[in-house]
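Numbering (full-length UniProt numbering), first residue to last: 1 to 561.
Beta carbons: idealized from backbone N, C-alpha and C, even for Gly.
Structure first, then comments.
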């Protein structure tokens, strides 16, 4: 042991005998964990680590859950300044306002991804796209229009790949030996130009479904070369989950099972699939399955026939009936900005949080719980709720994008960045605008059989919203992406944006490990969908632009950050 200590001392002396410039070059090749260790070796290394902008930038990227952009342009010192300013704006929710007009029509379709907001025009013949600005990542605001086929039911886009996938309304096929079928076509186009996507071998994907009803609910997900679609027929036919490699036009996975309710890409090789009903026992017990998509096959299988592992959800009480489940995580596992954009930094691909929301019925009440799980825990294939997760009753929240609400509503940003939480805990610095939650959550209501203790530290930043103008009704929801928060209000047909001096937006309330929720009193206590993550594919506002009863006005979007 003495020999080991002597060797460490000799190594330290040898390193510190070098010039500071050489030491800084050596440190530039080290990861942030090693840099933090070296910082505590001796005073000389501590001073070099603290005094090097490049080293501090490496550490700050990790703590912020970001990764460096392509080389060139800004120096490490300049990027460090921008990153710190961006983080500071998020801590105080400092914003700049932006408004985006919308057509006066309730059946438009829209999407928000990668800092680009898209919506159909009044006639439904074109898609208007708006790139949201970010002063901290040098992103300029831009608007453009591309043609939109009249038979478009839904779409998903990825600005980083210049891709938009347009799903046509299904067509009914001739009866096949007593089985009714429908056909769905998916067009692959350029997001900036609207023509056929140059990277796609087949620019139209064709898929036939054994379903007798053309009324479909769709869930669309993109992950690099993969496009996943969950087809759910409203008449009760068996749902089907299909995944394509859209670049080569090949179907790589097909699962047909009555228990499939939701899905999300864990990475480019694994799918996370949520179920409510056990198809074997026909018992209602929510579970999460991991499905391997690394071995392509177009053979249609049931979910129970082929999966890697399953996560058992905590057992519910006998008089509790699970009704549905939803998984949400943004951005996708392989998402990264287009290198041609030359952004100084972007959200790290490893920095992801999953929200699993379950809705249950107990008597006449509908109750929902949110489970917050870092991606690395799911990838470790644990089968129970380990430390590092948090299960809680869903906070008061509106019904998807809209609901009847009243009262004042502060916007809350929940940040589950564990490195940032550890830094705050050790620094002792207190921010009056931020509430840090370190204690465990003990779920002991009458929903679950056993008491459940979970713990995943997070911070809560609150912001009192400005009053709505006379042209608006009240804010109903919030959305977030990497640089923006979008606030949704209903009355007049326009989007009102408030970029937080660096912008934050995304159409599902969760981006990376940051979650946005709007606290509100709801007139309907049993509001199905009361979750901190808004889901576009839920019931009140459908992805195809249609509405359930009770909604009579166009939304207005307010973009803070």
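For residue 562, I'd like the list of residues in its chain whose CB is within less than 6 Å of its CB, leaving aside the five on either flank, ordered along the chain. Residue numbering for the chain in the displayed model covers 1 to 561; residue 562 lies beyond these limits and cannot be assessed.
Inspect the beta-carbon positions of residue 91 and residue 461 and report whether they are closer than 8 Å. yes
Exposed or buried, residue 429, counting other C-beta atoms within 10 Å across all chains shown (16 or more means buried)? exposed
Do residue 191 and residue 572 come within 8 Å of each other at the CB atom, strictly closer than that value? This structure cannot settle anything about residue 572, because the visible part of the chain is limited to 1 through 561.
In terms of DSSP beta bridges, what is residue 168 paired with? 152
Report the option in 218, 94, 262 and 21 whose CA atom is closest to the CA atom of residue 136. 94
Of all the options 150, 220, 449 and 143, which has the alpha carbon lying nearest to the alpha carbon of residue 122? 150
How do the stretch 62-81 and the stretch 414-422 stand: do at least 3 beta-carbon pairs fall below 8 Å, yes or no? yes
Helix, strand or coil at residue 601 [DSSP, three-state]: There is no way to answer for residue 601, as the model of the chain reaches only from 1 to 561.
Secondary structure of residue 563, DSSP reduced to three states: Outside the shown range of the chain (1 to 561) lies residue 563, about which nothing can therefore be said.
Pair within 8 Å by beta-carbon distance, residue 375 and residue 253: no
Start and end of the alpha helix (DSSP H) containing residue 57? 53-64
Would residue 197 be called buried (16 or more neighbouring beta carbons within 10 Å of its own) or exposed? buried
Residue 323, DSSP secondary structure in three states: strand
I'd like to confirm the pairing. Which residues does DSSP put opposite residue 67 in its beta bridges? 346
If the criterion is Cβ atoms closer than 8 Å, does the pair residue 112 and residue 120 meet it? no
Simplified DSSP assignment, three categories, for residue 34: helix
Where residue 205 and residue 184 are concerned, what is the direct C-alpha to C-alpha distance, given to the nearest angstrom? 8 Å
Given a cut-off of 8 Å, decide if residue 24 and residue 54 are closer than it, judged by their beta-carbon atoms. yes
Going by DSSP, what residues sit across from residue 215 in a beta bridge? DSSP output for residue 215 lists no bridge partner at all.
Can you round the beta-carbon distance between residue 292 and residue 308 to whole angstroms, since I take them to be within the 8 Å contact cut? 5 Å
I need the boundaries of the beta strand (DSSP E) containing residue 175, first residue and last residue. Counting along the chain, residue 175 falls outside any beta strand (DSSP E), and DSSP gives it neither H nor E.
Can you grab the Cα-Cα spacing for the pair residue 237 / residue 302, in whole Å? 14 Å
Could you pull the start and end residues of the alpha helix (DSSP H) that residue 21 belongs to? 20-27
Looking at the structure shown, is residue 439 part of a helix, part of a strand, or coil, going by DSSP? coil
Nearest candidate by alpha-carbon position, reference residue 226, set 199, 235 and 233: 199
In the DSSP assignment, find the unbroken beta strand (DSSP E) run with residue 453 in it and report its ends. 452-454
To the nearest angstrom, how far is it from the Cα of residue 138 to the Cα of residue 244? 34 Å
Give me the Cβ distance between residue 334 and residue 224, rounded to the nearest whole Å; I'm assuming they're in contact under 8 Å. 4 Å
Leaving aside the five residues before and after residue 346 along the sequence, list all residues of the same chain whose C-beta is less than 8 Å from its C-beta, in chain order. 66, 67, 69, 137, 336, 337 and 482
Residue from 219, 315, 322 and 269 whose Cα sits closest to the Cα of residue 443: 315
DSSP state of residue 244 mapped onto helix, strand, coil: strand
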